[in-house]
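Participant: Residue numbers (this note's numbering): 2 to 574.
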C-alpha cells in the first residue's frame, strides 16, 4: 500500500455506540483513528435502551458511568406473568457487580455521552461519508468514500479497518464475509407510551398469557416501551410503523385486564433476525457489533455485546499499532468474541422460545417450572449474571493459561476480575474496579498478611521498567506512611477473596479479565504471559493455531473482486 497524505492508522466505519466506544479505546491510548458515518447527523431514535451491569463496569473504567446513572432508570428485577396468571419475580440484586441492576436509557442519550467523550479526546466523527469501495494488500487497506450527496469522492489509506456499520454492513458485504442464520418469522411492533396500571416501575414485565408475548420495559420519566410480535406480511420487505389503535388493540389482547396506554412518543416496526459471522477478522479488516451478530431484542443483549466487542479489540489493536505486541494478538479477538456472540444468540433464542410456545402443554409445564427456578438462589444467580453479561469469560480462549480453574486458584485466567469492596487509598474508600481505569495491564501485587512490603516492592520495581505495558498496584493489609501509593486492605477482603494470605500476583488485562494468577514469588508466570504478547508464534517455534482468516492481499481475488467492483460503481468527480 503506497504512502499517502490521507493515511491514518485506524479507520472505523460506523459511528454507533460500538464504533464510537472502539474509537474512545484507541484514542485514549494515543492511537490515530478516524470515524466515518454515512448519516449526516447523530440519530435521535431511541433504539437500544438496556444497559447491563458489565457495560456499566466498562463505563466506570472510562470515567463516564455517573452520567449514565444520573440520566437512566434503574431496573431491579423482572416479573414474568404467565398463562396461569402467576407472576414469577427475578431479582437483579443477585448480580455479581457493583451495579446489580439494569439501566434503561434512550440510545440517543447513550450515543451523545459516548460522542462527547470521544470529542474530549480530540476525535471528531466524519459524517456524510459513505463507503464505496475497499481494496487491500499485505500492508494496508484503501478505502473509497463518497459524500452523502454524491458530489465528491475521496480515498483513505489505513493500516487497519473496522466495520461497525450495522446489520447491513457494507464492510462485511464488500468482503463477502459470511452472515449465517435466519429470520424469526415475526415482525416486532414497538411503542413508547404511558401505561396506567399498578405494576412496579422498577421491574420489566413479560406477559405470556397467550402463545404470543407482550414485554414492557420501564423507561425514565415514568414511560414504558412495549413490544408486540406479529406474523409478518411476506408481501413486503419491511412493514410500516403501526398505528396507536393497532398497538392498543394488541396490548389489550395480550396484556392484563384493564390496561390503558396513551401518549405515544415512538411507534415503530422491525423484522427480527438471528445471524452471526464466524469470521470477525479478515486480514487487516475486523467486524464488531451488529455487523458481526444480530438477534432478537429479548434480554436487551445487542448493544451490550457490541460494546464488549469494542472493549476486547481496542486494547489489543492499540498494543499492535504502537509496536508493543505482535499481530498474533489480533487473532485472539475472533477466537474470544465469536463464542460470546454464539452464546448470546443462544440465550436470546431460548428466551423467545420460552415465551412464545404454541403448545398449551409446554406452556403449562413452563408456568410451573419458572417459579421453582426463581426460588432457587443458584439458578436465579446464574440467570441474572448471564443476562448482565458478567459471567462472560475467556477461560477457553487463546490468551488463557489454562481452561479449567484448579481448586488452589481463586480466579481463573480468562475470568472477569471479581469486584471487592473495602479497600482504601490515600484515606479514600475504593474497590477493585477503581484500580482498572488506567487502560493498561494492571498487576495487582497482594503482599500477604505477614510478608511486609519488601518482596512486593521488588516485584513492582521489576515490572515498572516496562514502558507503559503494565502498571503495578500493591495491595497490603494496612496503610504505610512510607508507601503512600499502596492500597490498603484493612479488613483483608481482597486477600481472602483472592486467597492471598501468603501473597499473590494477579495480572489483569485492560478489559478487566484476569490474564494470570500466581503466587507472589512466581513472577516468571507473569513474564511468560507478556512474552506471548510481544513475541510471534513463529519465533516461539510453536505450532500456529488454526484460524479462519485471510491476508488482505487475498481479499481481491475471485468473487471478492466483483463485490468490491460493484461497490465502487458510485459517482466520481
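Using N, Cα and C, we set each Cβ at its ideal position, and we do this for glycine too.
1) According to DSSP, is residue 161 part of a helix, a strand, or is it coil?
2) Report the residue ranges of all alpha helix (DSSP H) runs contained in full by the stretch 40-91; include only those spanning at least 4 residues, in chain order.
3) Under the rule that 16 or more other beta-carbon atoms within 10 Å means buried, what is residue 421, buried or exposed?
4) Start and end of the beta strand (DSSP E) containing residue 139?
5) Could you tell me the alpha carbon to alpha carbon distance between residue 416 and residue 391, rounded to whole angstroms?
6) Rounded to the nearest angstrom, what separates residue 465 and residue 276 at their Cα positions?
7) Please determine, among 223, 531, 139, the residue with the shortest C-alpha to C-alpha distance to residue 202.
8) Would residue 379 be called buried (16 or more neighbouring beta carbons within 10 Å of its own) or exposed?
9) Apart from the five residues just before and just after residue 576, which ones in its own chain have a Cβ nearer than 8 angstroms to its Cβ?
10) Where does residue 422 sit, in a helix, a strand or coil, going by DSSP?
11) Leaving out the 5 sequence neighbours to the left and right, which residues in its chain are closer than 6 angstroms to residue 295 when beta-carbon positions are compared?
12) Can you confirm whether the stretch 158-177 touches the stretch 133-144 when touching is taken to mean that 3 or more C-beta pairs between the two stretches lie within less than 8 angstroms?
13) Once DSSP output is grouped into helix, strand and coil, what is the label at residue 336?
14) Assuming residue 509 contacts residue 443 under a Cβ cut-off of 8 angstroms, what Cβ separation, rounded to an integer in Å, is found between them?
15) Alpha carbon to alpha carbon, what distance is there between residue 72 and residue 90?
16) Would the beta-carbon of residue 313 fall within 7 angstroms of that of residue 512?
17) Measuring CA to CA, which of 530, 149, 60 is closest to residue 112?
18) Rounded to the nearest angstrom, what separates residue 208 and residue 46 at their Cα positions?
19) With DSSP as the reference, identify every bridge partner of residue 191, one or two as the case may be.
20) Please say whether residue 243 and residue 267 have beta carbons closer to each other than 7 angstroms?
21) Around the C-beta of residue 405, are 16 or more other C-beta atoms found within 10 angstroms, so that it is buried, or is it exposed?
22) My guess is that residue 180 and residue 19 are in contact by the Cβ rule of under 8 angstroms, so how many angstroms apart are they, rounded?
23) Using the rule of at least 16 other Cβ atoms within 10 Å of the residue's Cβ for burial, across every protein chain shown, is residue 164 buried or exposed?
24) State yes or no: is the C-beta of residue 519 within less than 7 angstroms of the C-beta of residue 506?
25) Under the rule that 16 or more other beta-carbon atoms within 10 Å means buried, what is residue 21, buried or exposed?
26) Runs of 3 residues minimum, wholly inside the stretch 276-349: which ones carry the beta strand (DSSP E) assignment?
27) I believe residue 29 touches residue 440 by the beta-carbon criterion, under 8 angstroms. Please report the beta-carbon distance rounded to the nearest angstrom.
28) In whole angstroms, what separates the C-alpha of residue 9 from that of residue 183?
29) Quick one: residues in its chain with C-beta nearer than 7 angstroms to the C-beta of residue 486, no 5 flanking neighbours on either side, listed in chain order?
30) By Cβ distance below 7 angstroms, which residues in the same chain neighbour residue 231 in space, the five residues on each side in sequence not counted?
31) If the criterion is Cβ atoms closer than 7 angstroms, does the pair residue 43 and residue 385 meet it?
32) Nearest to residue 142 by CA position, among 7, 413, 129, is which residue?
33) Where in the stretch 453-505 do unbroken runs of the beta strand (DSSP E), each at least 3 residues long, occur, reported from the N-terminal end onward?
34) CA-CA distance, residue 431 and residue 496?
35) For chain C, is any of its Cβ atoms less than 7 angstroms away from the one on residue 274?
36) Let's test the definition: count the other Cβ atoms within 10 Å of the Cβ of residue 215 and tell me whether it reaches 16, buried, or not, exposed.
Facilitator: Working from what's here:
1) strand
2) 54-63, 66-72
3) buried
4) Counting along the chain, residue 139 falls outside any beta strand (DSSP E), and DSSP gives it neither H nor E.
5) 9 angstroms
6) 45 angstroms
7) 223
8) exposed
9) There is simply no residue 576 to check, as the chain begins at 2 and stops at 574 in what is shown.
10) coil
11) 168, 274, 276
12) yes
13) helix
14) 5 angstroms
15) 26 angstroms
16) yes
17) 60
18) 26 angstroms
19) 228, 269
20) no
21) With a pLDDT of only 49 at residue 405, under 50, the local geometry of the prediction cannot be trusted, and the value read off the model is given with reservation. By the 10 Å Cβ count, residue 405 comes out exposed.
22) No, residue 180 and residue 19 are not in contact; Cβ-Cβ is about 16 angstroms, not under 8 angstroms.
23) buried
24) yes
25) buried
26) 286-288
27) 6 angstroms
28) 37 angstroms
29) none
30) 187, 188, 190
31) no
32) 7
33) 471-477
34) 15 angstroms
35) The structure shown contains no chain C, having only a single protein chain.
36) buried
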